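Taken in sequence, the protein lines are chains C and R.
Using our numbering, you'd call the opening residue of the first sequence number 1 and step up by one each time.
Using our numbering, you'd call the opening residue of the second sequence number 1001 and step up by one each time.
Data block below; observations after.
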Amino acid sequence: MLHPDKSKPVFIIIPAYNEEKMIRDVLKGLIPLGCQLIVVDDGSATPLQPLLFDLPVTVLRHAINLGQGAALQTGFEYALSKQAGYIVTFDADGQHLPADIEKLLIPLTNGESEIALGSRFLSAGSNIPSGRKRLLRIARLVNYFFTGLLLSDAHNGIRAMTADAAAKIQLRQAGMAHATEIVAAIRKKRLRYKEVPVNIHYSSYSKAKGQSAWGSFRIFFDILLNKIFK
Amino acid sequence: MNGIQVLLISGVVVIFTYYVSRFRNALIDLAALVIFAGLGIFFILFPDYTNVVAKKLGVGRGADLLFYSCILFFLFIILKLFARLKRLEDKITELVRQHAIKNASGNQKDQAAD
């Protein structure tokens, strides 16, 4: 059991789009934590629910593909409707380690912060490919430019937050720009945040599923357009 | 009246009747439409007046003035369409989200219940 306080259940939200190869392994790693597992199937070509019917998870399926930001927001709203105490976001491609979730929850449970962001640059163990490192360094500056918060890791999918913080963060960016949107919300709503070192497991699979340099241009323009069209 | 004038005026009339036929109780829209159509027909019949207006604004020819204002106008339309698309996307997102939450499936025990 990860968190003994029954009145504040931990909901782990796993947005998944065409992740049928990895999703079972990812979920099997999470089940021992004893949290509520919410898979948001973002309109995958093969519905994920039949692959997961024997696992203790809840599957929410978008009828059409909307993007990761929309999937996270769906997960948030579902978790909040089920009286979640804490909400964790976790990628479905197997790049995060279940053990890191506990580290993210510590600053929340002891009241130090309302949201904890995983950072791969604060931990010594991560073997980040150099191209990725460069891209993330630029992303970090773009994030700073738009949000005013200079974080060590701009686009990391593993985070934990209190239910109150999740209720304040309204993700309107359907695509991948939601990572910047979360940071912007931290600043706007004055959420107390903390960066926690986490490890990223770069497999050839997760690298192929991750953001390309072209993808980051898309993100940049998504943020820009959203600034113009509120 | 020469050939091009007949073509252009019938174009304006067709577009005007099309808009009026699906016109929905916004009087300001109707007024703008009448003014635009009227101006259009006037300048088609008396193209020399575009030169007068252009000279006043410091543009050489009436045709150039028309060209520049068209660019502005179309940019404005694109922005309007973009905003509308975004609103539409937001609505679809909300619809798909509510559907997904309503049809949650799985065999997980509800922890909050106890």
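Ideal Cβ positions, reconstructed from N, Cα and C, are used throughout, including at glycine.
All values reported here derive from a predicted model rather than from experimental measurement.
Within 9 Å, strictly: CB atoms of residue i and residue j
i: phenylalanine 76(C); j: isoleucine 12(C); result: no
i: alanine 92(C); j: valine 10(C); result: no
i: proline 15(C); j: leucine 72(C); result: yes
i: leucine 60(C); j: isoleucine 31(C); result: no
i: leucine 80(C); j: isoleucine 87(C); result: yes
i: glutamine 36(C); j: alanine 99(C); result: no
i: isoleucine 1044(R); j: isoleucine 1009(R); result: yes
i: asparagine 226(C); j: valine 183(C); result: no
i: valine 1052(R); j: glycine 1062(R); result: yes
i: threonine 58(C); j: serine 1105(R); result: yes
i: valine 1034(R); j: isoleucine 64(C); result: no
i: aspartate 164(C); j: glutamate 114(C); result: yes
i: lysine 189(C); j: isoleucine 219(C); result: no
i: isoleucine 231(C); j: leucine 104(C); result: Residue coverage of chain C in this structure runs from 1 to 230, which leaves residue 231(C) outside it and unanswerable.
i: isoleucine 1065(R); j: leucine 1057(R); result: Looking at the sequence itself, residue 1065(R) is leucine, so the reference to isoleucine does not match. Yes, the Cβ-Cβ distance between leucine 1065(R) and leucine 1057(R) is below 9 Å.
i: arginine 187(C); j: leucine 149(C); result: yes
i: tyrosine 1068(R); j: valine 1059(R); result: yes
Chain R contact for residue i (CB, 9 Å cutoff)
i: arginine 218(C); result: no
i: proline 107(C); result: no
i: leucine 37(C); result: yes
i: valine 57(C); result: yes
i: glutamine 95(C); result: no
i: histidine 178(C); result: no
i: alanine 16(C); result: no
i: valine 88(C); result: no
i: leucine 135(C); result: no
i: alanine 174(C); result: yes
i: valine 183(C); result: no
i: valine 26(C); result: no
i: phenylalanine 53(C); result: yes
i: valine 40(C); result: yes
i: leucine 225(C); result: yes
i: serine 203(C); result: no
i: serine 152(C); result: no
i: serine 44(C); result: no
i: glutamate 20(C); result: no
i: serine 81(C); result: yes
Cβ-Cβ separation, residue j to residue i (assumed contact under 8 Å), whole Å
i: isoleucine 1101(R); j: tyrosine 78(C); result: 5 Å
i: leucine 108(C); j: alanine 160(C); result: 6 Å
i: phenylalanine 1023(R); j: alanine 1037(R); result: With 8 Å as the limit, phenylalanine 1023(R) and alanine 1037(R) do not qualify as a contact, their Cβ atoms being about 13 Å apart.
i: isoleucine 223(C); j: threonine 162(C); result: Actually they are not in contact, since the Cβ atoms of isoleucine 223(C) and threonine 162(C) sit about 25 Å apart, beyond 8 Å.
i: arginine 134(C); j: leucine 151(C); result: Arginine 134(C) to leucine 151(C), Cβ: 17 Å. No contact.
i: serine 203(C); j: glycine 94(C); result: 6 Å
i: threonine 46(C); j: glutamate 20(C); result: 6 Å
i: isoleucine 101(C); j: leucine 33(C); result: 6 Å
Within-9 Å CB hit, residue i to chain C
i: asparagine 1002(R); result: no
i: arginine 1022(R); result: no
i: arginine 1097(R); result: yes
i: threonine 1093(R); result: yes
i: tyrosine 1019(R); result: no
i: aspartate 1114(R); result: Low confidence applies to aspartate 1114(R): its pLDDT is 38, below 50, so where it sits in the model is not reliable enough to give any reading.
i: glutamine 1005(R); result: no
i: serine 1105(R); result: yes
i: isoleucine 1009(R); result: no
i: alanine 1100(R); result: yes
i: aspartate 1064(R); result: no
i: leucine 1088(R); result: no
Distance cut-off 8 Å: residue i Cβ against heavy atoms of the ligand FMN
i: leucine 104(C); result: Summarising the ligand content, the structure contains no ligands, and the ligand FMN is consequently not present.
Count the CB pairs spanning the region 1072-1082 of chain R and the region 19-27 of chain C that are closer than 8 Å, and state whether there are at least three. No: fewer than three Cβ pairs fall under 8 Å.
Could you run through the region 1041-1057 of chain R and flag, in chain order, every residue whose CB is less than 7 Å away from some CB of chain C? none
Report yes or no: do the region 175-187 of chain C and the region 61-69 of chain C share at least 3 C-beta pairs separated by less than 8 Å? Short answer: they touch.
Looking at C-beta atoms only, is the number of pairs between the region 189-205 of chain C and the region 103-119 of chain C that lie closer than 8 Å three or more? Yes, since at least three Cβ pairs between the region 189-205 of chain C and the region 103-119 of chain C fall closer than 8 Å, the two stretches touch.
According to a CB-to-CB cut-off of less than 9 Å, which residues of the region 1070-1082 of chain R neighbour chain C? Leu1079, Phe1082
Compile a chain-ordered list of the residues in the region 60-77 of chain C whose CB is closer than 8 Å to at least one CB of chain R. Contact residues of the region 60-77 of chain C toward chain R are Leu60, Arg61, His62, Ala63, Ile64, Leu66, Ala70, Gln73, Thr74, Glu77 (C-beta to C-beta distance below 8 Å).
Interface residues of the region 157-171 of chain C facing chain R [CB-CB below 9 Å]: none
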